[in-house]
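Colleague: Submitted below is the structure of interest, expressed as structure tokens.
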Amino acid sequence: MRFSNRHKPAVAGRARQGGFLTSRQAIVLLALIFLAPTFVALVMHNVSVKPDVTTNSGTLVHPARPLELPTDIVHGDKPLAEYLQGKWTLVYLGGADCDDACKSSLYKMRQARTAQNEHMKRVQRLFVYEGGPLPEAATAYLASEQPQLDKVQLAPAQFAKLAERFVIDDTKVRDAGRVYIVDPFGNLMMYYSPNADPGGLLKDLKKLLKYSRIG
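So the numbering used here is basically just the index in the sequence shown, starting at one, shifted up by 10.
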């Protein structure tokens, strides 16, 4: 019994479809594999996805601002720029009288540092004030309520030079009543307005210490 050969090409075609890819299909597949990452990267680059909320309570200084301070501004026996290296620093700049807004900010700084528990030693607090010496009432307050607070007294000209490094907007630094965070490299990186949530500073500082190996 003889079989016709006219059905053999169709059978062969079906065999190829059920087996390996054709050369053309393989080329297309390889192209897709290599081009897919490039396509995804282009989409991510051109489409901006912005979160509805931020995870920090303070206002970020972007980019972080290196505090290049004059060498004649010192803390104790070393330049203030050197003092700001190696630890996270909470800074408040104000007048020697330390009014109610000043006391409130210093209290927030103290509480935020104390709440860090075992990481408390990684944080230092600095009060820079213009004029002086401190009035008797301010001296008594700082001695009783802020015994571990670092202080720097500056003449008006020196204070003005330092304040230039902390200017964020048109508000005078001494009148702003802000608490600033300086990182262990001496960069101004965040600040809080006087009416900011007191717990926000505590939480932000905790996150910085948790996720940072510096300081």
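Idealized CB from N, CA, C, for every residue including glycine.
Q126 by DSSP, collapsed to three states: which one?
Modeller: coil
Colleague: Given 8 angstroms as the limit, is there contact between the stretch 159-179 and the stretch 137-144, that is, 3 or more CB pairs closer than that?
Modeller: yes
Colleague: How would you call F13, buried or exposed, if buried means at least 16 neighbouring beta carbons within 10 angstroms?
Modeller: Since pLDDT at F13 reaches only 47, below the 50 mark, its modelled position is unreliable, and the value read off the structure follows with that caveat. By the neighbour-count rule (16 or more Cβ atoms within 10 Å), F13 is not buried but exposed.
Colleague: Give the secondary structure of F195 by DSSP, where H, G and I count as helix, E and B as strand, and everything else as coil.
Modeller: strand
Colleague: Do S203 and R188 have their beta-carbon atoms positioned less than 9 angstroms apart in this structure?
Modeller: yes
Colleague: Between D87 and A150, what straight-line distance do the alpha-carbon atoms span, to the nearest angstrom?
Modeller: 24 angstroms
Colleague: How is A74 classed by DSSP in three states: helix, strand or coil?
Modeller: strand
Colleague: Report all residues from its chain with a CB closer than 8 angstroms to the CB of P166; omit the five preceding and five following residues, and keep chain order.
Modeller: Once the five neighbours on either side are set aside, the close Cβ partners of P166 are E140, G141.
Colleague: Can the beta-carbon of G196 be found less than 9 angstroms from the beta-carbon of L70?
Modeller: no
Colleague: Look at the alpha carbon of L152 and the alpha carbon of A74, and state the distance between them as a whole number of angstroms.
Modeller: 30 angstroms
Colleague: Alpha carbon to alpha carbon, how far is C108 from K220? Give it in angstroms, no decimals.
Modeller: 32 angstroms
Colleague: Going along the chain, which residues of its own chain have a beta-carbon closer than 8 angstroms to the beta-carbon of D160, five neighbours each way excluded?
Modeller: H85, Y93, Q134, R135, L136, F137
Colleague: Straight-line CA distance for P208 to K118?
Modeller: 6 angstroms
Colleague: For P80 versus Q168, is the C-beta distance shorter than 9 angstroms?
Modeller: Yes, the pair counts as a contact, with Cβ atoms nearer than the cut-off.
Colleague: For P89, which three-state DSSP category applies?
Modeller: strand
Colleague: So what's F169 in DSSP terms, helix, strand or just coil?
Modeller: helix
Colleague: Hey, how far is the Cα of E213 from the Cα of M130?
Modeller: Residue identity differs from the one stated: residue 213 is Lys in this sequence, not Glu. Cα to Cα, K213 sits roughly 13 angstroms from M130.
Colleague: Taking only three categories from DSSP, how would you classify V63?
Modeller: Low local confidence applies: a pLDDT of 38 at V63 is under 50, so the model's placement there is unreliable, and no value is given.
Colleague: Grab me the residues of V177's own chain with a C-beta within less than 7 angstroms of its C-beta, minus the 5 sequence neighbours each way, in chain order.
Modeller: V183
Colleague: Have a look at A51 and M200 and give me their C-alpha separation to the nearest angstrom.
Modeller: Model confidence at A51 stands at a pLDDT of 36, short of 50, so the residue's coordinates are unreliable and nothing is read from them.
Colleague: Is it buried or exposed for T181, if we count other Cβ within 10 angstroms and need 16 for buried?
Modeller: exposed
Colleague: Under three-state DSSP, which class holds R135?
Modeller: strand
Colleague: If G96 and P157 are in contact, beta carbons under 8 angstroms, what's the gap, nearest whole angstrom?
Modeller: About 22 angstroms separates the two Cβ atoms, so there is no contact after all.
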